[in-house]
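Trainee: I have a structure here, written as structure tokens, and I will follow up with some questions on it.
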């Protein structure tokens, strides 16, 4: 009876293992991790049950057993040993099977990845070679550094610019190039944060302690997972450009002084004679002297425009912003140009509403509106010129409107580019440098305002300048803004 | 009639200014450089000084600084004459204690008007 019970349990155990096996995903054919354990436990349980059944079946009616003596007591023990051994072997083999299958799969995946990488590399090889050739041949210094500034790579451009060979530079700290002009720690802090430093113009030191001026672009280098691992630096030598800039500035400064002094004498002596301070003048003489005076004024404007243009190009146009009443500025401009308008038979209308204060440089704003109004008068053969100003949500809007020759689409597009002048006979006759509007735009820009134009040929033009209102809390105590 | 010291190294410009101011009824004394301007300011006690910013040797701004540092000359109004319209020059002139400035090329009528204004004007407190 006990033997039958044992066999029954064995079948039951086998059934459990079989069910568990089937429950595992059929496609993967890979036993789940717990299967080995279940199988082993099942076999072990069956064995223990059989052993119990066998030994209890023999027990009743038997004299107390003497170990190793009773022959009928060996069967349960053999069964137990065999069963446990089977359980261990079964567990171990299932586990081994799993491990080897997993390994095979891992190998397969790795192999596929390797193949893909080889293919990618093969595809990228020409591109990499090209990039390497560019890095090797450029005149710019290109170097990579660790995130704390140690030099890792150093191209021939860097050898030429700084004088250190690759062997000398690699492993050193970049501070050897920087002198004390900028803060390395600050720069690398930005890089670590993922920021890029673009065209930082600074001074560097060469191996022979020469100071050179460079434009630096420093960018973070990321690894495949997107982590910032190092920094690349491109240094462009701008020593010559800086020298040229300085020479140009000096030249413009000298020329403007050298032109202004004789012009002062010309203007002044013409004035003295024309005003009759040096003796009586005939009407014809006065008329001729006035022509000479007007032309010397034009020369004066040209010189000022050239100086302003130089300031704008070198980003040194200064504005001194103070809270001011734009209505007063506009009234001033209107009164200056009233005579000029009248002499051409044009009406000069002004419609200036009460305006909020704006932050502005009055001399510069007078320059802007004088330019717009004088252009309007110059390019309007008949009709009128209007100056309108009104408060808007954001600040102040000033329009200078005329009934003049207007602008073609082509002229419109180029209006704010330097030296641009219209081609009509009116424009040519009126004269001008083609700098006024460029300067006006730059000045308005320094006031954080905008200038635009609406115009059609023959229908006049409408220039609109918008300036932000002054909000007292946003400005410094004197309303000035740091430059 | 006022006594006006004109410090200007360009002879023709100085001639021109002197002519205009004399015609306007003033007495003009002339200096060709900064040192001479300092000397004449002390010896001739002018009522107004016109200083060219760019003079050889002692420049106009330096003369201005010395005038304003001198207890007896501090109260004499100074008009700066400059060939640079730069904001910075103008401001350093005004901060240095000049009452006014003119930028070359200037109109003589305007210059004469500014002279009259400066002669009539009370001296603003100066910060040396």
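Chains as they are written, first to last, in the working numbering: chain A, 1 to 483; chain B, 1001 to 1128.
The C-beta atom is built at its ideal place from N, Cα and C for all residues, glycine as well.
1) Assuming contact is defined by CB atoms lying nearer than 8 Å, are residue 1110 of chain B and residue 1052 of chain B in contact in what I supplied?
2) Using a beta-carbon distance cut-off of less than 7 Å, what residues from the stretch 1015-1042 of chain B approach chain A?
3) Per the contact definition of three or more C-beta pairs closer than 8 Å, is the stretch 315-331 of chain A in contact with the stretch 344-355 of chain A?
4) In chain order, what residues of the same chain have a beta carbon less than 7 Å from the beta carbon of residue 951 of chain B, not counting five sequence neighbours either side?
5) Excluding the 5 residues preceding and the 5 following residue 25 of chain A in the sequence, name in chain order all residues of the same chain whose CB lies nearer than 7 Å to its CB.
6) Which term fits residue 225 of chain A, buried or exposed, when burial requires 16 or more other beta carbons within 10 angstroms of its beta carbon?
7) Do three or more CB pairs link the stretch 356-365 of chain A to the stretch 376-384 of chain A at distances below 8 Å?
8) Does DSSP put residue 1032 of chain B in a helix, in a strand, or in coil?
9) Where residue 395 of chain A and residue 314 of chain A are concerned, what is the direct C-alpha to C-alpha distance, given to the nearest angstrom?
10) Going along the chain, which residues of its own chain have a beta-carbon closer than 6 Å to the beta-carbon of residue 1016 of chain B, five neighbours each way excluded?
11) Compare the C-beta of residue 1107 of chain B with all C-beta atoms of chain A and state if any pair is closer than 8 Å.
12) So the candidates are A:233, A:169, A:205, A:211; which of them puts its Cα closest to the Cα of residue 218 of chain A?
13) Pull the bridge partners of residue 106 of chain A from the DSSP assignment, please.
14) Taking Cβ positions only, does residue 1054 of chain B come closer than 8 Å to chain A?
15) To test your reading of the DSSP string, which unbroken alpha helix (DSSP H) runs of 4 or more residues are found completely within the stretch 280-316 of chain A?
16) Once the 5 residues before and after residue 1093 of chain B are set aside, which same chain residues still bring their CB inside 6 Å of it?
17) Where does residue 408 of chain A fall in DSSP's three states?
18) With a cut-off of 8 Å, do at least 3 Cβ pairs link the stretch 76-86 of chain A to the stretch 41-48 of chain A?
19) Against chain D, does residue 195 of chain A count as a neighbour if the rule is that its beta carbon must be under 8 Å from one of theirs?
20) Below 8 Å between beta carbons is the criterion; list the residues of the stretch 428-462 of chain A that meet it against any residue of chain B, in chain order.
21) What residue range is occupied by the uninterrupted beta strand (DSSP E) comprising residue 176 of chain A?
22) Between residue 449 of chain A and residue 369 of chain A, what straight-line distance do the alpha-carbon atoms span, to the nearest angstrom?
23) Using a Cβ-Cβ cut-off of less than 9 Å, give me the residues of the stretch 263-284 of chain A that come near chain B, in sequence order.
24) Take every Cβ of the stretch 126-143 of chain A, pair it with every Cβ of the stretch 154-173 of chain A, and state whether three or more of those distances are shorter than 8 Å.
25) Residue 338 of chain A: which of A:311, A:309, A:376 sits nearest, CA to CA?
26) Residue 1106 of chain B by DSSP, collapsed to three states: which one?
27) Which runs of the alpha helix (DSSP H) spanning at least 4 residues fall entirely within the stretch 1041-1068 of chain B, listed in chain order?
28) Grab me the residues of residue 439 of chain A's own chain with a C-beta within less than 6 Å of its C-beta, minus the 5 sequence neighbours each way, in chain order.
29) I want to know whether the stretch 203-216 of chain A touches the stretch 114-131 of chain A - three or more CB-CB distances under 8 Å.
30) If you draw a straight line from the C-alpha of residue 255 of chain A to the C-alpha of residue 222 of chain A, how long is it?
31) Classify residue 295 of chain A: buried if its beta carbon has 16 or more other beta carbons within 10 angstroms, exposed otherwise.
32) Distance cutoff 8 Å, beta carbons only. Does residue 1104 of chain B sit that close to anything in chain A?
33) Kindly confirm or deny that the stretch 101-117 of chain A and the stretch 198-214 of chain A touch, where touching means at least three C-beta pairs closer than 8 Å.
34) Between A:268, A:211, A:269, which lies nearest to residue 243 of chain A when the distance is taken from Cα to Cα?
35) For the ligand COA, is there a heavy atom less than 7 Å away from the beta-carbon of residue 1053 of chain B?
36) Are the beta-carbon atoms belonging to residue 1003 of chain B and residue 1044 of chain B less than 8 Å from one another?
Mentor: Quick look at the numbers:
1) no
2) 1016, 1019, 1020, 1023
3) yes
4) Nothing about residue 951 of chain B can be reported from this structure: the residues present for chain B run from 1001 to 1128 only.
5) Unreliable positioning characterises residue 25 of chain A in this predicted model, as indicated by a pLDDT of 49, which lies under 50. The coordinate reading is nonetheless provided below. Nothing listed; no residue qualifies.
6) exposed
7) no
8) coil
9) 29 Å
10) none
11) yes
12) A:233
13) Answer is none; residue 106 of chain A lacks a bridge partner.
14) yes
15) 283-313
16) 1080, 1101
17) coil
18) yes
19) Going by chain labels, chain D is absent from the structure shown, which instead holds the protein chains A and B.
20) none
21) First-last for residue 176 of chain A: 175-178, but that is the alpha helix (DSSP H), not the beta strand (DSSP E).
22) 13 Å
23) 263, 264, 265, 266, 267, 268, 269, 271, 272, 275, 277, 278
24) yes
25) A:376
26) coil
27) none
28) 308
29) no
30) 51 Å
31) exposed
32) yes
33) no
34) A:211
35) With respect to small molecules bound, the structure shown includes none, and the ligand COA cannot be examined in it.
36) yes
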